[in-house]
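Notes to accompany the following structure.
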Amino acid sequence: MTLGLDATRRGDVLDRLAGRTYDVLVVGGGITGVGVALDAAARGLSVALVERDDLAAGTSSRSSSLVHGGLRYLAHGDVRVVRSSTVERDLLLRLAPHLVRPLEFVIPRSGRDEGALLGAGLTLYDGIALPSPLPRHRRISADELRMAAPGLVGHTDHGGWSYWDAQTDDARLVVAVAQTAAGLGTDVLTRGEVVELMRAGSRVIGATVLDRLGGGLVDVQARWTVAATGVWAGAGALAAPAIPQLVPSKGAHLCFRPDDLHIRAATVVPSAARDGRSVFLIPSGGHVTVGTTDERYQGPLDLPVVSDQDAAYLCDAVNAAFGTRLGPADAVGAWAGLRPLLAGSAAGSERLSRRHTIVESPEGLLTVTGGKLTTYRRMAADVVDRIAATVGGRGGGRSATAQIPLGLRGDLGAAIGRARGVAQAYGVDTAVADVLVRRHGERAAHLLALAAETGETGDLVPGLDLVEVEARWAVTGELALGVEDVLTRRLRVATRDPAAGGPAIDRIAQRVASMLGRDRVHADEDAAAYRRVVAAERGPVPLEPSVGRADPMADRARTTTVSRTNEGG
Numbered sequence: 024m025t026l027g028l029d030a031t032r033r034g035d036v037l038d039r040l041a042g043r044t045y046d047v048l049v050v051g052g053g054i055t056g057v058g059v060a061l062d063a064a065a066r067g068l069s070v071a072l073v074e075r076d077d078l079a080a081g082t083s084s085r086s087s088s089l090v091h092g093g094l095r096y097l098a099h100g101d102v103r104v105v106r107s108s109t110v111e112r113d114l115l116l117r118l119a120p121h122l123v124r125p126l127e128f129v130i131p132r133s134g135r136d137e138g139a140l141l142g143a144g145l146t147l148y149d150g151i152a153l154p155s156p157l158p159r160h161r162r163i164s165a166d167e168l169r170m171a172a173p174g175l176v177g178h179t180d181h182g183g184w185s186y187w188d189a190q191t192d193d194a195r196l197v198v199a200v201a202q203t204a205a206g207l208g209t210d211v212l213t214r215g216e217v218v219e220l221m222r223a224g225s226r227v228i229g230a231t232v233l234d235r236l237g238g239g240l241v242d243v244q245a246r247w248t249v250a251a252t253g254v255w256a257g258a259g260a261l262a263a264p265a266i267p268q269l270v271p272s273k274g275a276h277l278c279f280r281p282d283d284l285h286i287r288a289a290t291v292v293p294s295a296a297r298d299g300r301s302v303f304l305i306p307s308g309g310h311v312t313v314g315t316t317d318e319r320y321q322g323p324l325d326l327p328v329v330s331d332q333d334a335a336y337l338c339d340a341v342n343a344a345f346g347t348r349l350g351p352a353d354a355v356g357a358w359a360g361l362r363p364l365l366a367g368s369a370a371g372s373e374r375l376s377r378r379h380t381i382v383e384s385p386e387g388l389l390t391v392t393g394g395k396l397t398t399y400r401r402m403a404a405d406v407v408d409r410i411a412a413t414v415g416g417r418g419g420g421r422s423a424t425a426q427i428p429l430g431l432r433g434d435l436g437a438a439i440g441r442a443r444g445v446a447q448a449y450g451v452d453t454a455v456a457d458v459l460v461r462r463h464g465e466r467a468a469h470l471l472a473l474a475a476e477t478g479e480t481g482d483l484v485p486g487l488d489l490v491e492v493e494a495r496w497a498v499t500g501e502l503a504l505g506v507e508d509v510l511t512r513r514l515r516v517a518t519r520d521p522a523a524g525g526p527a528i529d530r531i532a533q534r535v536a537s538m539l540g541r542d543r544v545h546a547d548e549d550a551a552a553y554r555r556v557v558a559a560e561r562g563p564v565p566l567e568p569s570v571g572r573a574d575p576m577a578d579r580a581r582t583t584t585v586s587r588t589n590e591g592g
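Residue numbers (my numbering): 24 to 592.
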């Protein structure tokens with residue numbers, strides 16, 4: 024029996040963790056950890072995964088949400104990383120077509136010499152990726168560049184280049200992989216912190232886990248323990264002296280309304296600081312994300328924030344390229360994220376390695392770190408290969424994850440057509456079907472039935488393409504245990520709404536508390552904590568007061584969604 028990702032059955036998961044010996048215990052619920060869990064479960068191994076906070080609570084919900092080969096890595100001769108990344112990119116386009124979508128980039132050409140060098144790099148980039156389903160790069164005229172980025176006022180006279188990569192919702196990709204692993208029998212516990220490794224002599228045989236909600240301890244026994252904790256690798260109870268030095272690298276992002284920045288394709292512009300770095304603008308979820316390439320970071324790991332300097336850097340670049348006067352107060356959201364890069368000898372993060380490393384120290388504990396979102400599946404396969412070599416017949420085959428769909432089999436358009444038919448059968452607006460498929464894949468049919476049963480077919484938050492029923496499903500199908508889990512990671516409201524949810528915050532907190540058997544006091548504390556976290560992470564970007572904002576769910580008679588985009592969260 025599998026328990027899936029139903030947060031209301033958390034007690035059953037705790038009982039199972041205490042009552043059996045697993046082949047693999049994975050520590051860490053980011054993209055690498057859930058990837059390891061899926062790979063191991065797909066090979067027939069028994070798997071448990073524990074996460075200190077929430078699925079994707081760290082790096083895996085704070086990236087630029089790109090699935091890409093890494094064009095800029097070619098400048099440093101890292102062809103191997105680019106090849107691996109483009110292969111994995113193209114694979115994810117097939118395995119999760121609802122979550123991973125092709126994305127066109129345009130780069131203005133500032134001069135003849137620079138343009139020739141970039142053109143040569145793009146030719147090599149395309150060649151390394153062959154065969155690929157994505158279009159090859161091409162030279163575009165000044166008029167074509169202005170069509171792709173209508174708001175661009177600088178750097179347009181010489182035209183530019185167009186090339187393709189892909190984008191995703193990083194946190195939703197983590198959830199999709201975790202759901203797939205759970206469907207193959209993985210037991211998943213969030214808010215479970217490893218406080219001590221269990222040992223038999225010199226070998227690690229599992230871990231003692233603190234239930235951060237109930238306060239109890241549970242011993243989880245396992246033949247192998249895998250630490251997939253990203254920038255926290257080697258910290259606390261999982262300390263391993265043989266891990267290479269990690270250098271956290273920070274990326275900062277602002278989110279703007281599409282009326283503020285007019286682009287049709289992702290656009291790369293130089294920073295206004297003339298420091299050799301670039302700023303990218305990405306259309307996503309009905310908004311425009313503006314972000315930086317990474318820089319080395321020193322500071323607290325648990326909640327990196329957008330600083331005044333980060334926001335000014337991004338706004339200066341955008342204003343110079345688009346002739347705007349945007350400041351932090353114009354943004355609707357902001358976030359910062361850290362990546363675990365392996366230390367190099369040069370000063371800039373651009374010279375840090377994007378490769379991953381796996382270390383066994385002490386015996387029975389494998390630590391995997393480094394790498395990037397795009398190559399998580401390859402990282403996971405390398406880890407489980409190490410384990411499979413020691414367990415004989417069980418789990419000894421090759422990785423099967425290249426053939427396992429992540430929530431949607433086949434064509435996205437066909438899936439949307441099927442979901443529209445289901446919606447019509449239930450008397451639900453077909454626009455609801457569209458957005459549910461783009462976030463939940465084949466599970467959209469279940470959500471439509473649930474929405475029809477509960478009447479939760481209206482908009483969840485004004486102006487966003489979110490459906491009421493998704494807050495319920497976040498708890499029963501995606502392991503959300505609080506309002507932050509729902510609004511920050513499952514539905515991305517925290518980064519796309521000036522008020523981070525507004526009146527919906529308290530109502531969703533109450534609903535989550537009710538579903539999990541908690542009282543109103545707990546719900547109020549949950550909502551207040553969410554607001555504090557969002558305000559802190561945004562830095563100079565204000566959290567808009569929610570007083571006076573309409574709550575579309577206050578009127579239960581409202582059962583249709585009226586404003587939708589074709590972009591899923």
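Note that beta-carbon positions come from the ideal geometry of N, C-alpha and C, so glycine has one too. Bear in mind that the values here come from a model prediction, so they are computed numbers and not experimental data.
Query: C-beta atoms of A596 and L220 nearer than 8 Å; Result: Absent from the structure is residue 596, since the part of the chain shown begins at 24 and ends at 592.
Query: In DSSP terms, what V90 is bridged to; Result: A189
Query: Same chain, Cβ closer than 6 Å to G435, five either side skipped, listed in chain order; Result: Position check: residue 435 holds Leu in this sequence, whereas Gly was assumed. Excluding sequence neighbours, L435 sits near P120 and H121.
Query: Where E216 falls: helix, strand or coil (DSSP); Result: strand
Query: Cβ pair A80, R513 closer than 8 Å; Result: no
Query: CB contact flag (A275, G314, <8 Å); Result: yes
Query: Runs of alpha helix (DSSP H) wholly within the region 486-531 (minimum 4 residues, chain order); Result: 492-499
Query: Under 8 Å between C-beta atoms of P363 and G393; Result: yes
Query: Limits of the unbroken alpha helix (DSSP H) element including D331; Result: D331 to F345
Query: Beta carbon proximity, L28 to chain D, threshold 8 Å; Result: Here there is only one protein chain, and chain D is not present.
Query: Closest by C-alpha distance to V355, when choosing among D405, P565, A412 and G440; Result: P565
Query: Short Cβ contact (8 Å threshold) for L388 with A250; Result: yes
Query: Close Cβ partners of L97 (< 7 Å) along its chain, the five nearest in sequence each way excluded; Result: V105, G144, L147 and Y148
Query: Status (buried if at least 16 other CB within 10 Å, exposed otherwise) for G182; Result: buried
Query: Cβ shell of T191 (< 6 Å), same chain only, five flanking positions each side left out; Result: S88, V90, L122 and V123
Query: Closest by C-alpha distance to D549, when choosing among F303, R561, A536 and A559; Result: A536
Query: Stretch pair the region 237-252 + the region 45-53: three plus CB contacts closer than 8 Å; Result: yes
Query: Helix, strand or coil at I439 according to DSSP, with G and I counted as helix; Result: helix
Query: Beta-carbon spacing of G51, T252 below 8 Å; Result: yes
Query: DSSP-derived helix/strand/coil call for D242; Result: strand
Query: Three-way DSSP call (helix, strand, coil) for H160 in this model; Result: coil
Query: Backbone secondary structure at I286 - three-state DSSP; Result: coil
Query: Coil, strand or helix - L153 by DSSP; Result: coil
Query: C-alpha distance - P156 paired with D113, whole-angstrom precision; Result: 7 Å
Query: Pick from V407, R33, A189 and G505 that is closest to P306, judged by C-alpha positions; Result: A189
Query: Which of helix, strand or coil DSSP assigns to P351; Result: helix
Query: Which residues DSSP lists as bridging T397, in chain order; Result: Answer by DSSP bridge pairing: none, since T397 is not bridged.
Query: Simplified DSSP assignment, three categories, for H178; Result: coil
Query: Cβ-based neighbour list, V311, same chain, cut-off 8 Å, excluding 5 preceding and 5 following; Result: C278, F279, R280, P281, D283, L284, I286, L304 and I305
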